[in-house]
Amino acid sequence: MRLLVACDDSGSIKEVVCNRKTDTSIQKALQPLHVGVHLSEGLHSRVQDMALISETLLVVSRANGLVQLIEINQVARDLGDKNVDLEPKFEISDLKVISSVQGLLDDAPLLSIHKNSKKRSKPRDGFVALRLVPGYTNRILCATKSGQIHILSLHDRSLQILKSHRVTAPLEFAQIYDNVVSKQKKKSTSVTLAYGGEENLVKIVRISGNFETMEKIWEAKNVSNDRLDLKVPVWPMKLRFLDPVPDADSSKVNFQFVTINHLGHLRNYQTTRGRKPISSQPLLAKNEIATQLQVINCDLTPLNNVKSARFDDLKFVIADSKKNVLSVDSSANVLGKFGNGDITGSPSFVNVVDQKYLLEGGLDSYARVFDVSSREPLCKCYMGAKLSSMLLLDDEEIDLPQSETTGKKRVFKQRDEKVEAIENEEIWQALESSAKKAKKD
Amino acid sequence: MAPDELRVRNKMKRQQLFADIKDQKNKERHNMRKSRAKEEREAPEMKDKRLKENVTNTIDSLRVYDETIEQGAEGEESDFSQFFNNGSEPPKILLTTNVNAKKNAYEFANVLIEVLPNVTFVKRKFGYKLKEIVEFCGNRNYTDLVIINEDKKKVTGLTFIHLPEGPTFYFKISSYVDVQKIVGHGRATSHIPELILNNFSTSLGKTVGKLFQSIFPQNPDFEGRQVITLHNQRDYIFFRRHRYVFRNEEKIGLQELGPQFTMKLQRLQHGIKEETEWEHSTDMDKEKKKFYL
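Residue numbers (the UniProt record's numbering), protein chains in the order written: chain R, 1 to 441; chain Z, 1 to 293.
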């Protein structure tokens, strides 16, 4: 298993090579085979998001407003004086920045809206999305909390800002729609994305094929007031598109998506059936703050949208701002908990890969991988810094060479078993003979 | 002779007999120790050898393995680094209480005013949210906000908020002993005390240690000979304040200045009371040999 982990405190990207059952918190358990630190730039330049755009190219966004294009090369590992035969055989990655663009963040819009925000800390702009535009191999979209949507072009392994658009701030997420593109496998003419945030209702916008213009095509409406006739706060945190509703009226905008909001309400929207959600169910007790949403039982598009049009069959994994990573179904029933109390800090990153692996990392400085179906932990590695993003590069197990000492132990055990078998036989014979005597008596 | 071998039917006799046997055993043990001490006085290396071989297992020594002790937090920069890097800027603390606090909270505030350096106490008023208080503090260059929490006329907790961007620590307060109740206590002076941080070993413990480092100035007045000790043992942090005197080259005298109290970390939050970084839960108390600081 090869992971890339973005660590906050040193602003580095770490490569972790480990096998299943790796656990750094147990001294005698399997430890990571390799932890390599790359591109440390400090806390203020910490990596916020990472996206693979090809097998050897990676884009990362940093908290100082920098987007970097990084080349990943596999190189042989330096074993020094170690015995080559006794060491596991694998290559390690070498990360090299080949291009970057800067100045993509702007704090000013956030400062003006901070007065009415429920967030207490001074707002800092940051990236909320960094993705390759579906249907293109040389266009990258990044969105910021301050409502800037930048389209970056990748030409001759060099990044440049192609176009920037502004939308209503603040943003918690910006999710690109790639369901139809991924099915038809043809070049898209326009890019559709949804965004939203604190007191910023979910909006769907369409960016033209040449990325010059952007138009709003749909906007959600808040749910009705609560039983005390008070306004329900608007704060969508994450959104995942579903396939469009089949056989719908073609004159209407046809999107289907699911959101989780700050109060832990799971909402299902169909744009063909109005602007309010079809269903809104509370998932977390005491209005805990929900932060993450992923679908676990359905095929996903490269941008984590759901390849299904049926909301009722879906199972989700959600995380709150305390320490819980929960598996829930569409009826808001909790199916189970990941980590079983082992996670001690707020999970800032949760992602599902191939319906098999759940990657989790957060403020407790551990990178964890879980099996999605059984919720069993597969590996747990201490990173020494808070985590903000993770990528699974491959899930191959690395063969560990058997050392001579383990062989000896096995022989010793076999001998023991033989001796035990003889002893057992003697005991049985003795017991049988005593039983016969007792019967005679 | 074992107790079950005493087949005396009279209970009083049996008890007497058993006490005699026990007394005899004690005497034998005392004699053995006496003779061993005599031998060890003559050959001190024997004592060293014996102590080396017979190490008592304590809960502390049997502590569950924690990889953060060895590896620690990485990177020179962490939550407090900005403050430490500035260096020249001394800490400036705003002290307040919870809303509708009672007499005990104000009395504890009086004690903390003497302990914390460069502190301003402001009576908490109704109608101000934490966000607004933090903003006011930010405008007036305060580096830390300390809130005393009182419940049912007892001081139960202390919140430390590092400004302007956190983190936030919440400690439970217990075993408070007032200065007047400490026998032979001295009177504290306004000198900046030295700070001793003991046993903050894990990554979380070091973060807590950094909190206290950031609260007390880095340039103590050595002429005041005052020292504040924050001793962590089994996740309880013991606060003590002393004055020391060097009586001669080997002997040091200590005078306690008080107060005494014990803190236990309950919660560490990112920012100003935002995402939880670590929170104590009752499940954590099940494992007696696992410590987090």
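Glycine is no exception: its CB is placed at the ideal position from the N, C-alpha and C atoms. Source: prediction; values computed, not measured.
Neighbour-count burial assignment, residue i, 16 or more Cβ in a 10 Å radius
{"i": "Trp428(R)", "result": "exposed"}
{"i": "Pro193(Z)", "result": "buried"}
{"i": "Val258(R)", "result": "buried"}
{"i": "Arg36(Z)", "result": "exposed"}
{"i": "Asp320(R)", "result": "buried"}
{"i": "Ala29(R)", "result": "exposed"}
{"i": "Ser348(R)", "result": "buried"}
{"i": "Lys136(R)", "result": "Looking at the sequence shown, residue 136(R) is not Lys but Tyr. Label assigned to Tyr136(R): buried."}
{"i": "Ser61(Z)", "result": "exposed"}
{"i": "Met32(Z)", "result": "exposed"}
{"i": "Pro109(R)", "result": "buried"}
{"i": "Gln27(R)", "result": "exposed"}
{"i": "residue 451(R)", "result": "Beyond the ends of chain R as shown, which are 1 and 441, falls residue 451(R); an answer cannot be given."}
{"i": "Val191(R)", "result": "buried"}
{"i": "Pro259(Z)", "result": "buried"}
Where residue i meets chain R, residues with beta-carbon distance less than 9 Å
{"i": "Ile196(Z)", "result": "Those do not exist, as Ile196(Z) stays about 26 Å from chain R at its closest Cβ, beyond 9 Å."}
{"i": "Glu279(Z)", "result": "Lys322, Lys323, Thr344, Gly345"}
{"i": "Gly166(Z)", "result": "Arg120, Ser121"}
{"i": "Lys38(Z)", "result": "Neighbours of Lys38(Z) on chain R: none; closest Cβ ~43 Å, over 9 Å."}
{"i": "Val134(Z)", "result": "Arg120, Ser121, Lys122"}
Beta-carbon neighbours of residue i, restricted to chain Z and to distances below 9 Å
{"i": "Thr271(R)", "result": "Within chain Z, no residue comes near Thr271(R); the closest Cβ sits about 32 Å away, beyond 9 Å."}
Enclosing alpha helix (DSSP H) for residue i [first to last residue]
{"i": "Asp20(Z)", "result": "11-42"}
{"i": "Ser203(Z)", "result": "203-215"}
{"i": "Glu256(Z)", "result": "Element bounds for Glu256(Z): not the alpha helix (DSSP H) but the beta strand (DSSP E), 252-256."}
{"i": "Tyr106(Z)", "result": "103-115"}
{"i": "Gly42(R)", "result": "Looking at the DSSP string, Gly42(R) is not in any alpha helix (DSSP H), and its letter there is neither H nor E."}
{"i": "Gln71(Z)", "result": "67-71"}
{"i": "Asn139(Z)", "result": "130-139"}
Listed by chain order, chain R residues near residue i by CB distance under 7 Å
{"i": "Glu275(Z)", "result": "Ser321, Ser346, Leu363"}
{"i": "Glu67(Z)", "result": "Thr24, Ser25, Tyr382"}
{"i": "Leu130(Z)", "result": "Arg120"}
{"i": "Gln71(Z)", "result": "Tyr382, Gly384"}
Beta-carbon contacts of residue i that lie in its chain and below 7 Å, excluding the five residues immediately before and after
{"i": "Thr202(Z)", "result": "Asp66, Thr68, Ile69, Tyr292, Leu293"}
{"i": "Glu71(R)", "result": "Thr56, Leu57, Lys96, Ile98"}
{"i": "Leu335(R)", "result": "Lys315, Ser327, Val328, Asp329"}
{"i": "His44(R)", "result": "Ala63, Asn64"}
{"i": "Leu163(Z)", "result": "Val134, Cys137, Gly138, Tyr142, Thr143, Asp144, Leu145"}
{"i": "Asp249(R)", "result": "Thr272"}
Beta-carbon contacts of residue i that lie in its chain and below 8 Å, excluding the five residues immediately before and after
{"i": "Glu212(R)", "result": "Lys163"}
{"i": "Gly184(Z)", "result": "Gln255, Glu256"}
{"i": "Thr156(Z)", "result": "Asn149, Glu150, Lys172, Ile173"}
{"i": "Glu277(Z)", "result": "Pro167, Leu268, Gln269, His270"}
Close beta carbons around residue i, own chain, < 6 Å, minus the five adjacent residues each side
{"i": "Phe83(Z)", "result": "With a pLDDT of only 49 at Phe83(Z), under 50, the local geometry of the prediction cannot be trusted, and the value read off the model is given with reservation. So the list reads Ser214, once near-sequence residues are dropped."}
{"i": "Ala174(R)", "result": "Val128, Ala129, Ala143, Leu193, Tyr195"}
{"i": "Pro236(R)", "result": "Gly196, Val202, Thr259, Asn261"}
Where the beta strand (DSSP E) through residue i begins and ends
{"i": "Glu71(R)", "result": "67-75"}
{"i": "Leu110(R)", "result": "Unbroken run through Leu110(R) is the alpha helix (DSSP H), 108-113; no beta strand (DSSP E)."}
{"i": "Gln48(R)", "result": "47-52"}
{"i": "Ser117(R)", "result": "Counting along the chain, Ser117(R) falls outside any beta strand (DSSP E), and DSSP gives it neither H nor E."}
{"i": "Asp313(R)", "result": "That residue, Asp313(R), is in no beta strand (DSSP E); it is neither H nor E in DSSP."}
{"i": "Leu400(R)", "result": "No beta strand (DSSP E) holds Leu400(R); DSSP gives it neither H nor E."}
{"i": "residue 442(R)", "result": "In this structure chain R extends from 1 to 441, so residue 442(R) is not present and cannot be described."}
{"i": "Thr159(Z)", "result": "154-162"}
{"i": "Arg131(R)", "result": "127-132"}
{"i": "Cys7(R)", "result": "2-7"}
{"i": "Ala194(R)", "result": "191-197"}
{"i": "Lys163(R)", "result": "158-166"}
{"i": "Thr291(R)", "result": "290-295"}
{"i": "Ala188(Z)", "result": "No beta strand (DSSP E) contains Ala188(Z), which DSSP labels as neither H nor E."}
{"i": "His242(Z)", "result": "236-246"}
{"i": "Val353(R)", "result": "347-353"}
Residue i: contacting residues in chain R (beta-carbon distance under 8 Å)
{"i": "Val99(Z)", "result": "None at all; the shortest Cβ gap to chain R is about 17 Å."}
{"i": "Ser203(Z)", "result": "Ser365, Gly384"}
Neighbouring residues, chain Z, relative to residue i (Cβ below 8 Å)
{"i": "Gly336(R)", "result": "Correct list: empty, because the minimum Cβ distance to chain Z is about 17 Å."}
Partner residues on chain Z for residue i, Cβ-Cβ distance less than 7 Å
{"i": "Gly341(R)", "result": "Asp283"}
Chain R contacts made by the segment 248-273 of chain Z, where a contact means CB separation under 7 Å:
His270, Gly271, Ile272, Lys273
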